[in-house]
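Here the structure is laid out as structure tokens; the discussion comes afterwards.
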Amino acid sequence: MNILQECQGASRIAITGHVRPDGDCVGSCLALYQYLLKKMPQARVQVYLEKPAEIFAGIKGYDQIDTLCEDTDPYDVFFVLDSVPERMMEPAQKLYAQARKTVNIDHHISNSGAGDVSYVVPGASSTAELIYELIDKEALDTDLATAIYIGIIHDTGVFQYSNTSPRTMEIGAHLIRFGFDFPKLIQETFYQKTYLQSHVLGRVLLESIRFMDGSCIVSGLDRKTMDFYGVEPKDLDGIVNHLRNIKGIHCAIFMYQTGVLEYKVSLRSDELVDVSEVASFFGGGGHVRAAGCTMKGTFHDCVNNLSLHIEKQLEAHKD
Ligand code: 5GP
Ligand code: MN
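Going by the numbering used here, the sequence shown opens with residue 11, and the numbers climb by one from there.
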């Protein structure tokens, strides 16, 4: 796929990602935004996303993100990054449906392709890595390199997870040549947490429960507890990784309440469990080692339903 060819003659271009945008979603959307502004200065380019976490405020274009999406004029090209179209913010759905051309760029194995033009590469570490591969490299500058780098570090756990390939490292090496302060960026956007976030993490770890002979772990937060600490969903990023890091755990589940009898579920695993398969069964998706879904029922209903699927996979490994 050639981004500029797809945008040829376009005067209005929109870019969006998934609800509750994470680092890869924000990084890849703003990287594409910066690139198109540079290459197509005559076009109007707009990014639509739910308000991303403040830690991403240093990425160029962050202030230009439209979180309301009240525009009604149709777009010539509408990009959906890091997501299937069904998972974009609700107010953008109508504009997407009216767009002359839709383009889907993603790296989730659960995405079987969508839009008029679909570019889904499950082997890529991140959507930001795909944006790097698709752009003319002479357009790279410090701001564009920073946006792509943030996307990559957030989806690879700073080049740690198994989705990190030699190519990912080569791209990282090229990007840091642009001279941004990458140790600071990693610390401030990935590792650093507020005092409140740390308290919540402590509580989640303290209240966690192991099951299936200690091979799985689950913990969660209900609405009341989230309100007590004054935390929002975007403050909870990374908590599930702490559960997954516990010795002996093959599958970690973290859930937080999103409504009456409704939970957002995050799943993480090692090589034994394909959590994308589990999440897809419940209408979600993601990657083999990291996936998510939204489930109806009480906390215990959700855990029971998930554990049936996880157990089946763990049992299959015993044979
Ligand atoms: P997280 O647990 O961090 O929210 O998400 C882990 C991975 O699964 C991410 O790549 C994320 O995009 C994907 N994911 C999380 N929730 C959903 C969901 O409800 N639907 C789909 N299709 N993917 C999800
Ligand atoms: Mn991603």
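Just so it is clear, CB atoms sit at the ideal spot from N, CA and C, and this is done for glycine as well.
query	result
The stretch 117-134 touching the stretch 52-64, judged by at least three CB pairs closer than 8 Å	no
Cutoff 8 Å: residue 14 Cβ touching any chain C Cβ	Looking for chain C here will not work: only one protein chain is present.
Cβ-based burial, residue 173 [other Cβ within 10 Å; buried from 16]	buried
Cα-Cα separation, residue 164 to residue 251	12 Å
Residue 152 (DSSP reduced to helix, strand or coil)	helix
Closer than 5 Å: residues whose CB approaches a heavy atom of ligand 1	276, 294, 295, 296, 300, 301, 302 and 303
Alpha helix (DSSP H) segments (min. 4 residues) lying fully within the stretch 55-115	102-108
Residue 256, buried or exposed, once every other Cβ within 10 Å from all chains shown has been counted against 16	exposed
Contact test: residue 174 Cβ vs ligand 2 heavy atom, cutoff 7 Å	no
Any non-hydrogen atom of ligand 2 within 7 Å of residue 247 CB	no
Element boundaries [alpha helix (DSSP H), containing residue 142]	137-144
Continuous alpha helix (DSSP H) assignments of at least 4 residues falling wholly in the stretch 223-269	233-239 and 249-254
The stretch 200-209 contacting the stretch 234-248, beta-carbon criterion three pairs below 8 Å	yes
Exposure of residue 327, with buried meaning 16 or more beta-carbon neighbours within 10 Å	exposed
CA-to-CA distance, residue 178 to residue 16, given in whole angstroms	25 Å
Exposure label - residue 157; buried when at least 16 CB within 10 Å	buried
C-beta contact flag for residue 239 and residue 275 at 8 Å	no
Within 8 Å, strictly: CB atoms of residue 317 and residue 298	no
7 Å CB neighbourhood of residue 175 in its chain, flanking five on each side removed	135
Burial state of residue 105, where buried means 16 or more other Cβ atoms lie within 10 Å	buried
Beta-carbon proximity check, residue 14 vs residue 25, cutoff 8 Å	no
The stretch 307-325 / the stretch 138-157 touching (three or more Cβ pairs under 8 Å)	no
Cβ pair count under 8 Å reaching 3, the stretch 182-194 against the stretch 47-54	no
Residue 128 beta carbon less than 8 Å from that of residue 290	no
Own chain residues within Cβ distance below 7 Å of residue 86, not counting five before or after	20, 21, 22, 23, 110 and 111
Residues near residue 312 by beta carbon distance below 7 Å, same chain, minus five either side	265, 273, 275 and 305
Rounded straight-line distance, which links the Cα of residue 259 to that of residue 417	Nothing about residue 417 can be read from this structure; the chain reaches only from 11 to 329.
Candidates 101, 130 and 99: closest to residue 113 by CA position	130
Length of the line joining the Cα atoms of residue 102 and residue 92	15 Å
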